[in-house]
Amino acid sequence: MTPPILIDCVTPNAALDRTLVVPGYQQGGVFRPQKAILAAGGKGINVARAADVLGGRARCFGFVAGHSGRLLTDLASREGLVCRFTPLEAGETRTCTVLADPDLGVTTLVNEAGAATAAADWARLRADLLADAEPRTICFCGSLPPGSPLDSFAQLLGDCAAAGHSVWVDTSGAALMAASKVRGVNLKVNDEEASVLTSVLIPSPEIATATAALLADVSGAFAVITMGKAGAILAAGGRTWLAKPPHIAVKSAVGSGDSFLAGLLVALGAGEPPDAALRRAAAAGAANAQSYGGGQFSLESFRAAFEATTLASVVG
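The sequence shown begins at 6 in this note's numbering and counts up one residue at a time.
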């Protein structure tokens, strides 16, 4: 059997993720967590972790800094993740704290800003990322660190696409706007991000379908809009599909979008058609929401979610 296409997961603003499961959490109280998890985090790292669960091949790229960056790399390596991080000369990799209340199914996030980067740092990341000429999928996930030049980010996307790689972006704000202007870049966004990008409110799957089709037409690539429990739309080649995940008891939604992207990229890399890949993506996102920690779901929970995930061709 042909091995799956390699997925390089770029996390520009990687983090140490500390997840605390605290029943009955409220502001101003004193609590002992029921469970504590410290793991290498950031959206691209979550994608790599989930890809491994799903049988994909993934490597981790991005910036790390200081003592916390070395700890992050050590934690990721202990998991078996392949690390190719670009070290910064100053600063510390950020810490993101996740407070999950299992009684209410509510999650609170406290995200630090991260270590600053400059154009020279992005040039080193480019060299690290493009040192290998093997055709592959490259996904850029999450926020950019403070000081990141948008032109350096956009140039890197264009260079990766020009080198023959399949480039995906899952980000927001100014970085998403910059990525959307690079021809051939595939976009994976949620409904709020798509609304900001297009200045169109997206209150329904029907409008999400039309918006995804527009984004795909402009980019000449795939466009995916996720809508939480309402499902996800994928537009490609003049067609659109809607996948709906099963109703589940949510433990934590953190990392579900990343697991969705992992499911999509692993399936596409294995040669599955877009609609089948979308169904796998939705199932991976649902499986992740039933666990704590980004991309730390089981293959069994994915298979159960996949059986209950529906797929339909839709018209915008």
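In this text, a Cβ means the ideal position worked out from N, Cα and C, and glycines have one as well.
As the structure is a computational prediction, the values presented were derived from the model and not from experiment.
Verify whether the separation of the beta carbon atoms of Val346 and Thr245 is less than 7 Å.
The displayed coordinates of the chain run from 6 to 321. Any statement about residue 346 would go beyond what the structure contains.
Could you check the C-alpha separation between Gly163 and Leu273 for me, to the nearest Å?
Taking the first residue of the sequence shown as position 1, residue 163 is located at position 158. Taking the first residue of the sequence shown as position 1, residue 273 is located at position 268. Near 21 Å, if we compare the C-alpha coordinates of Leu273 and Gly163.
Classify Asp22 as helix, strand or coil using the three-state DSSP reduction.
What you label residue 22 is simply residue 17 of the sequence shown in a count that begins at 1. Correct three-state label for Asp22: strand.
What did DSSP end up calling Thr315 once you bin it into helix, strand or coil?
Mapped onto the sequence shown, residue 315 falls at position 310. Residue state, collapsed to three classes: strand.
Could you tell me the alpha carbon to alpha carbon distance between Cys165 and Ala281, rounded to whole angstroms?
Within the sequence shown, numbered from 1, the residue matching residue 165 stands at position 160. Within the sequence shown, numbered from 1, the residue matching residue 281 stands at position 276. Those two C-alpha atoms are separated by around 26 Å.
Can you round the beta-carbon distance between Gly178 and Pro151 to whole angstroms, since I take them to be within the 8 Å contact cut?
Taking the sequence shown and counting its residues from 1, the one referred to as residue 178 is at position 173. Taking the sequence shown and counting its residues from 1, the one referred to as residue 151 is at position 146. The C-beta distance from Gly178 to Pro151 rounds to 13 Å, too long to fall under 8 Å, and the pair is not in contact.
Taking buried to mean at least 16 other C-beta atoms within 10 Å of its own C-beta, is Val26 buried or exposed?
Reading the sequence shown from its first residue, position 21 is the one you call residue 26. Result: buried.
Between the alpha carbons of Met6 and Ser82, how many angstroms are there, rounded?
For the purposes of this step, residue 6 is identified with residue 1 of the sequence shown, where counting begins at 1. For the purposes of this step, residue 82 is identified with residue 77 of the sequence shown, where counting begins at 1. Reliability fails at Met6, whose pLDDT of 42 lies under 50, so the model's placement of it is uncertain and the value that follows must be treated cautiously. Taking the straight line from one Cα to the other gives about 27 Å.
Report buried or exposed for His72, applying the criterion of at least 16 other Cβ atoms within 10 angstroms of its Cβ.
Here residue 72 refers to the residue found at position 67 of the sequence shown. Looking at its Cβ environment, which holds fewer than 16 other Cβ atoms inside 10 Å, His72 is exposed.
On the DSSP bridge assignment, give the partners of Ser171 in chain order.
Here residue 171 refers to the residue found at position 166 when the sequence shown is read from its first residue. Paired residues: Thr142.
Short check: CB of Ala238 to CB of Ala291, under 7 Å?
In the sequence shown, counting from the first residue as 1, residue 238 sits at position 233. In the sequence shown, counting from the first residue as 1, residue 291 sits at position 286. Per the sequence shown, the amino acid found at residue 238 is Ile instead of Ala. Their beta carbons are not under 7 Å apart, which means Ile238 does not touch Ala291 by this criterion.
Check whether the Cβ atoms of Thr78 and Asp133 sit closer than 7 Å, and answer yes or no.
Within the sequence shown, the letter at position 73 stands for residue 78. Within the sequence shown, the letter at position 128 stands for residue 133. Their beta carbons are not under 7 Å apart, which means Thr78 does not touch Asp133 by this criterion.
Of the residues Leu283, Phe36, Leu181, Thr122, which one's Cα is nearest the Cα of Asn18?
Counting from 1 along the sequence shown, the entry for residue 18 is found at position 13. Per the Cα distances, Thr122.
Name the two residues that bound the continuous alpha helix (DSSP H) containing Ile238.
Taking the sequence shown and counting its residues from 1, the one referred to as residue 238 is at position 233. Where Ile238 is concerned, there is no enclosing alpha helix (DSSP H), although the beta strand (DSSP E) it sits in stretches over 237-241.
Output the distance between the C-alpha atoms of Ala55 and Ala95, rounded to the nearest integer angstrom.
Counting from one through the sequence shown, the residue named residue 55 turns up at place 50. Counting from one through the sequence shown, the residue named residue 95 turns up at place 90. The straight-line gap from Cα to Cα measures roughly 30 Å.
To the nearest angstrom, how far is it from the Cα of Tyr45 to the Cα of Arg62?
The sequence position of residue 45 within the sequence shown is 40, counting from 1. The sequence position of residue 62 within the sequence shown is 57, counting from 1. Residue identity differs from the one stated: residue 45 is Ala in this sequence, not Tyr. Using only the alpha carbons, I get a separation of about 18 Å.
Does DSSP put Phe265 in a helix, in a strand, or in coil?
To locate residue 265, count along the sequence shown from 1; it is residue 260. Looking at Phe265 - three-state DSSP - the assignment turns out to be helix.
With which residues is Lys249 paired in a DSSP beta bridge?
Numbered from its first residue, the sequence shown carries residue 249 at position 244. Per DSSP, Thr315.
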